[in-house]
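Per the working numbering, the very first residue in the sequence shown carries number 1; after that it's consecutive.
Positions of the beta carbon are idealized from the N, C-alpha and C atoms, including for glycine.
These numbers come from a predicted model, not from an experiment.
Have a look at the structure below before the remarks.
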Amino acid sequence: MHYKHRSKLYSLFSQTQESIIFLEGAKIMYRYQTDYEFAFRQESNFWYVSGVNEPDCAAILDIDSKEFHLFVPNRDVQYAVWHGYVKSIDQYRSEYSPDHVHYMDELHEVVKKLKPSIVFCLNESSQERFSHEPDLTTNSEALIEALNDARVIKTEEELDCLRRASQVNNEAYKRVIESWKPGMYEYQAKAIFTEVQISNGLQQDAYNGIYASGPNSAILHYVSNTRQTQDGELLLIDAGFEYKGYAADFSRTFPVNGRFSPDQAALYDTVLTAQKQVIEAIKPGVRMEDLHMMSASTMMEGLHDMGIVKGSLNSIMEANIFALFFPHGLGHFLGLDTHDVGGYPKGVERIDRPGIFYLRARRELEAGMVVTIEPGIYFIPALLEPALKNPSKQMFLNAEKIHQFMDFGGIRIEDDIVVTENGYENLTHIGKERDEIERLMNS
Ligand SMILES: [Mn+2]
């Protein structure tokens, strides 16, 4: 898999100049000034090209010869005492099949032999390593762009990793939803969810999971997960773990007591209608910003039918009322990072308009891309209270209704979608229709 990634990366560079790529892997991170080690997670780009899941390594990819030089730390025996191993050069060679293995302190000798005129590296600390080499320039922009372009289109092996992460995520969601009862605490959702992941061998969360009940479900990155859930409220879960570095990222929102109230049902169906409509539209050539606006417009229609917003749909959209209820992007690329790379290719800027400004991917979809589709409706007092006093917004808002919903929280429904030649493949299988959720909770 990683050999293919290197070939793909080479193909994105022209070979007219003597040049190499230099990438550094992650180091062990510690909690402030203590010896508490955080769980090791390899840097995504280094993992992508090397497949080496160990700290303190680096790689040179020689664009001319296409040879892979792996640089490894020269550990002392104490490392084996605390971490269980010190590997020889031969062990690294047989484990990762690079063309050459060197100790880290041989970096400058190797570079001298390769005699590149350009070193492509990702960041300033890597550039710093070459600052004393004469006749050598460093460039990061071209490498960032090439890695993003390579990573944004997934190979079949990468898709299989994403499928596995999703498969376990489906199981984890099912387990939480079917075991939920009023009075349980948000952190118990995290406990059940995590139990399924870890017992399936997935130990690394893809991001800090959100387990948000009642009003907390309108806090987009809520992570304290400490509240006791109440009968009559919703619970929103947005969580996922990684398989071999590849993330799953779903969201589901369900009633704590196992039955949607009429208001919850109406809002839920509004979000679900928008989500399904957008997913049906996915195929190569479609643009994320168009899908974002399509979902925003569909959700405003739903809020209009409920009497929460008023006026013509056109004027509601023109006044950016959708951004008050849907203040985040429709979705993002997914891969080795949850908010994966490639969303904004060179020269493409964010759209300077409320709501859609936060869209993390503005790019025509192509087969092999993986996106999340996650529309939501939220009642966020920090946005709605000033809007109700704003002369250009208040005429579109039914103040009485909105005050009734101010503690409601929010609803988000998120699936992970692979763009295929003819349409899409949905990796998220846990039920999202209201009757499926109610059946799961009451059987
Ligand atoms: Mn997401």
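Using only alpha-carbon positions, find the residue among the options that is nearest to residue i.
| i | options | result |
| --- | --- | --- |
| N11 | L136, F22, R350, D62 | Note that residue 11 is Ser in the sequence shown, not Asn. Out of L136, F22, R350, D62, D62 has the C-alpha closest to the C-alpha of S11. |
| G347 | R363, I380, C161 | R363 |
| F326 | I356, G431, G311, I373 | I356 |
| A142 | Y243, K154, I21, G214 | I21 |
| L416 | K4, N169, H2 | A small correction: the amino acid at residue 416 is Asp; Leu does not occupy that position in the sequence shown. Residue N169 is the option with its Cα nearest to D416. |
| G342 | L136, G209, L147 | L147 |
| W47 | V309, Q277, D435, Y3 | Y3 |
| M441 | L122, E400, R175, L9 | R175 |
| L107 | Q394, I60, K389, V81 | I60 |
| A296 | I351, V271, G311 | V271 |
| E425 | S392, L388, L383, I373 | I373 |
| K113 | H69, H339, L23, E124 | H69 |
| S140 | P134, E156, I118 | I118 |
| R353 | F405, M293, T428 | M293 |
Provide the residue span of the beta strand (DSSP E) that contains residue i, from first to last.
| i | result |
| --- | --- |
| E425 | 424-426 |
| H102 | 100-103 |
| E24 | 19-24 |
| V473 | Shown here, the chain extends from 1 to 443; a query on residue 473 therefore has no answer. |
| F254 | 250-255 |
| Y378 | 376-378 |
| V223 | Neither: V223 is in no beta strand (DSSP E) and is coded neither H nor E. |
Residue i lies in the alpha helix (DSSP H); which residues open and close that run?
| i | result |
| --- | --- |
| Y187 | 186-199 |
| R439 | 434-442 |
| D463 | Beyond the ends of the chain as shown, which are 1 and 443, falls residue 463; an answer cannot be given. |
| A387 | 381-389 |
| R93 | 89-96 |
| D337 | Careful: D337 lies outside any alpha helix (DSSP H) and carries neither H nor E. |
| H108 | 107-114 |
| H403 | 399-405 |
| R350 | Counting along the chain, R350 falls outside any alpha helix (DSSP H), and DSSP gives it neither H nor E. |
| L313 | 313-318 |
| F325 | 322-325 |
Return helix, strand or coil for residue i, following the three-state DSSP convention.
| i | result |
| --- | --- |
| E364 | strand |
| A172 | helix |
| V77 | helix |
| Y211 | strand |
| I282 | coil |
| V472 | The chain is shown from 1 up to 443; residue 472 falls before or after that span and cannot be answered. |
| G302 | helix |
| D263 | helix |
| A165 | helix |
| D64 | coil |
| R129 | helix |
| D238 | strand |
| T229 | coil |
| F71 | strand |
| R412 | strand |
| E37 | strand |
| T273 | helix |
Might you give, ordered along the chain, the residues of its own chain that have their beta carbon closer than 7 Å to the beta carbon of residue i, omitting 5 neighbours on each side?
| i | result |
| --- | --- |
| G410 | S217, A218, L236, G376, I377, Y378, F379 |
| Y463 | Nothing in the structure corresponds to residue 463, since the chain is present only between 1 and 443. |
| R41 | A26, Q204 |
| K115 | E18 |
| N257 | P182, D231, G232 |
| S392 | A319 |
| I321 | M300, V309, K393, F396 |
Counting only the same chain and skipping the five closest in sequence on each side, list residues whose C-beta sits under 6 Å from that of residue i.
| i | result |
| --- | --- |
| E43 | G25, A26 |
| R93 | V101 |
| K244 | C161 |
| G331 | V371, T372, I373, E374 |
| S213 | E186, R227, T229, E233, L235 |
| E178 | L440 |
| I89 | V101 |
| I430 | N170, Y173, K174 |
| M1 | E157 |
| L303 | V309 |
Please check the pair residue i and residue j, which I expect to be a contact at CB under 8 Å, by giving their CB distance rounded to whole angstroms.
| i | j | result |
| --- | --- | --- |
| I413 | S261 | About 17 Å; that fails the 8 Å criterion. |
| V309 | F396 | 5 Å |
| G307 | K401 | 6 Å |
| V49 | F333 | About 18 Å; that fails the 8 Å criterion. |
| L383 | E289 | Their Cβ separation, rounded to whole angstroms, is 21 Å, which puts L383 and E289 out of contact at 8 Å. |
| P73 | D56 | 4 Å |
| F241 | A206 | 6 Å |
| P381 | M406 | 6 Å |
| L9 | A58 | About 16 Å separates the two Cβ atoms, so there is no contact after all. |
Looking only at its chain, what residues have a beta carbon closer than 8 Å to the beta carbon of residue i, apart from the 5 residues adjacent to it on each side?
| i | result |
| --- | --- |
| V419 | I282, K283, P284, L365, E366, A367, G368, M369, V370, V371 |
| I144 | L122 |
| A361 | M288, G329, G331, H332, F333, G342, G343, Y344, V371 |
| S315 | F396 |
| Y30 | Y36, E37, F38 |
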